[in-house]
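A.B. asks:
Residue numbers (UniProt numbering): 1 to 513.
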């Protein structure tokens, strides 16, 4: 057999009892490793492994095997009866009644494709869970977190829906073959995350994706595939920091988070997060922050309905939203400190304005949803309003990214209490009007924002426009204004008008500071 030949069948197998003792071995094992059945019968599995591997081996035997179903453990040293060790690649297979089977392959020869499972990519958070479990497992091969973006799958692609479906199918099959354990996660509608082994080659991978384009008779430039590989250089990362690093990396890769550094390693990403946290903390400590106002306009009546206030901080001599350099929801302590500092200043300045019409205009503060869940938020907010002789009806909150209302939870509990106290509320759960309109009556007098991605998806559906128009009418019947914010192009703005969405957020304006 040539060195480059790929195999699917193991060199030999070893079978374990439910108590992790060696039950039996196949004939190939006896022939290659020179052991007899009697030598191994009912020996603990550690008998065949070096002493320094016993801890990891025990951890593996106690682990949830569903995680390792398609994972190959590289270069595992196995004891030969005549002395010394030979390295093999190993897979663990669950059998009935708690029994296990260990399959051994010559290093680098195993077909790297995952099992025949038809399961598609998981959601982003399931992928993050997989990464966390893998790093906590005995698997000690070199790893990288690989992120792949396929421009051809995005809404502005020139590909039609049938072509996109073919591209998606081929790309996901390619990614699954590359992914450790065949586990692929969706980072958004057109991008993916996977764990790859240490010998992953970005250039070769992009050539493989170009081959997909050729197969589908699509120009590779139209496919628009790009990737980044982040080395896992610390296996002991705290789970909370790991998730922060993964989500931050996703944001940088997709252009949602600004970074001066390339995505090279997990520790490098964590260093970048710590640096950006310090910038925000320093700005708050030195009072280098302010809210930036934007008008909420009724474009038909050409009148201003309210003001959206977004908290910005001075970051290296530029007034910026903190969310431009860090995923604020992943840092609730920082989000809380930022939101409370901005709110205190906003309420104080609002109640000091000389013009009664300015004081009476509702101002919506763009609140991080993680702040809602912190126990001191409501008490401290009430204290600010009382101290400055303010009124709840004049201070509203825009909260994006709320979970579905039918799921409930602490965020909705707080939002409903805020509304009951008189605070106007603005959320982006536009579709919840069809799920449970009765549960959203507390939004009366507030706003619901139609998310861009929902508008684009429904617009492409054969009866999507009619469905959206009905939802707009449902919200209006609940006395909730539907609005749009930061629509990316003229077509989207025209669509919003056709749907009867006449309220929108204007660009930054110089209104009451």
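For glycine and all other residues, C-beta sits at the position ideal for the given N, C-alpha and C. Just so we're clear, the structure is a prediction, and the values are computed from it rather than from any experiment.
What are the boundary residues of the beta strand (DSSP E) that residue 192 is part of?
C.D. replies: Counting along the chain, the beta strand (DSSP E) containing residue 192 begins and ends at 191-197.
A.B. asks: Quick check on residue 10: does DSSP put it in helix, strand or coil?
C.D. replies: DSSP places residue 10 in coil when its eight states are reduced to three.
A.B. asks: Tell me whether the region 341-354 and the region 292-304 touch, counting them as touching only if at least three CB pairs, one residue from each stretch, are closer than 8 Å.
C.D. replies: No: fewer than three Cβ pairs fall under 8 Å.
A.B. asks: Name the DSSP bridge partner or partners of residue 485?
C.D. replies: Residue 485 is bridged to 505.
A.B. asks: Taking just the CA atoms, how far does residue 43 sit from residue 34?
C.D. replies: Approximately 16 Å between the Cα atoms of the pair.
A.B. asks: So, residue 181 versus residue 127, is the Cβ gap smaller than 8 Å?
C.D. replies: Contact flag unset, no.
A.B. asks: With a threshold of 16 other CB atoms inside 10 Å of the CB of residue 250, please say whether the residue is buried or exposed.
C.D. replies: Buried, since its Cβ has 16 or more Cβ neighbours within 10 Å.
A.B. asks: Between the region 471-481 and the region 445-456, do three or more beta carbon pairs fall short of 8 Å?
C.D. replies: Contact holds: three or more Cβ-Cβ distances are below 8 Å.
A.B. asks: Helix, strand or coil: which one does DSSP assign to residue 312?
C.D. replies: If DSSP states are grouped into helix, strand and coil, residue 312 belongs with the strands.
A.B. asks: Between the alpha carbons of residue 266 and residue 204, how many angstroms are there, rounded?
C.D. replies: Rounded to whole angstroms, residue 266 to residue 204 spans 22 Å at the Cα level.
A.B. asks: Please say whether residue 467 and residue 478 have beta carbons closer to each other than 8 Å?
C.D. replies: No, they are not a contact pair.
A.B. asks: What beta strand (DSSP E) runs, 3 residues minimum, are completely inside the region 377-441?
C.D. replies: Runs found: 395-399 and 425-427.
A.B. asks: If you reduce the DSSP assignment to three classes, tell me which class residue 16 lands in.
C.D. replies: Strand, per DSSP.
A.B. asks: In angstroms with no decimal places, state the Cα-to-Cα distance between residue 445 and residue 308.
C.D. replies: C-alpha separation (whole angstroms): 15 Å.
A.B. asks: Within 10 angstroms of its Cβ, does residue 338 collect 16 or more other Cβ (buried), or is it exposed?
C.D. replies: Result: buried.
A.B. asks: Among 244, 396 and 132, which one has its Cα closest to the Cα of residue 367?
C.D. replies: Here the closest residue by C-alpha is 396.
A.B. asks: Restricting to Cα atoms, I'd like to know which of 24, 356 and 419 is closest to residue 549.
C.D. replies: Here the chain has residues from 1 to 513 only, and residue 549 is not among them.
A.B. asks: Would a C-beta distance cut-off of 8 Å place residue 415 and residue 372 closer than the cut-off?
C.D. replies: In contact: residue 415 and residue 372 (Cβ atoms closer than 8 Å).
A.B. asks: Cα separation between residue 174 and residue 394?
C.D. replies: Straight-line Cα distance between these residues: approximately 54 Å.
A.B. asks: So which of 196, 209, 330 and 465 has the shortest CA-CA distance to residue 239?
C.D. replies: For residue 239, the nearest C-alpha among the options comes from 330.
A.B. asks: Please name the residue or residues paired with residue 121 in a DSSP beta bridge.
C.D. replies: Note: residue 121 sits in no beta bridge, so no partner.
A.B. asks: Apart from the five residues just before and just after residue 297, which ones in its own chain have a Cβ nearer than 8 Å to its Cβ?
C.D. replies: 303, 304, 305, 503, 504, 505 and 506.
A.B. asks: Exposed or buried, which one is residue 490 when buried takes at least 16 other CB atoms within 10 Å?
C.D. replies: With fewer than 16 Cβ atoms within 10 Å of its Cβ, residue 490 is classed as exposed.
A.B. asks: When the Cα atoms are used, what is the spatial distance from residue 113 to residue 177?
C.D. replies: Note on residue 113: pLDDT 48, under 50, position unreliable in the model; the coordinate value appears next. Near 4 Å, if we compare the C-alpha coordinates of residue 177 and residue 113.
A.B. asks: Residues in its own chain within less than 6 Å of residue 516 by CB, not counting five upstream and five downstream?
C.D. replies: Nothing can be reported for residue 516, as the shown portion of the chain is limited to 1 through 513.
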